[in-house]
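Taking our numbering, I'd label the letters of the sequence shown as residues 514 to 618.
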Amino acid sequence: MNNLKIYLKLYLDFFKNQYNSTEKFLEQRKKEILTYPNEEYGLIYFLDKEKEYVIEINFSLKRLAYFVNTDLVNDEEYTEEDFLELLKNMSFDSLISKFSEYKGE
């Protein structure tokens, strides 16, 4: 995976900016991803009206998976170019907007 380091930097920047993550957390997550790039990694987790919302990212597949109460509700795979663009422009609000139809909004 030739763009893993670019993806990783953008992913870690997201965590740093959106969650104010500590350097220790960021270094641990970086090490995990470099060791196991084929795994799913959490991107967003929140509870709302007794529902659990989770977004996971897979760098090898260039995929985002959206779950509501552990049920897969949306699964998006991207081209190399689109995945890079997604990571560059990713924000908490833009990612959770996909859940609006499951929240009854």
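All residues carry an ideal CB built from backbone N, CA and C; glycine is no exception.
Note that the structure is a prediction, hence the values are computed from the model and not measured.
Should the segment 537–548 be called in touch with the segment 577–593, which here means at least 3 C-beta pairs below 8 Å? Short answer: they don't touch.
Using the Cα positions of Leu556 and Arg576, report the straight-line distance between them to the nearest angstrom. CA-CA distance, Leu556 to Arg576, rounds to 12 Å.
Cβ-based burial, Leu560 [other Cβ within 10 Å; buried from 16]: It counts as exposed.
So for Phe572, helix, strand or coil by DSSP? Coil at Phe572, not helix or strand.
Would Lys562 pass as a contact of Val581 if the rule is Cβ separation under 9 Å? In this structure, Lys562 lies away from Val581, with their beta-carbon atoms at least 9 Å apart.
Give the straight-line distance between the Cα atoms of Glu508 and Ser613, rounded to the nearest whole angstrom. Because the chain here runs from 514 to 618, residue 508 falls outside it and cannot be looked at.
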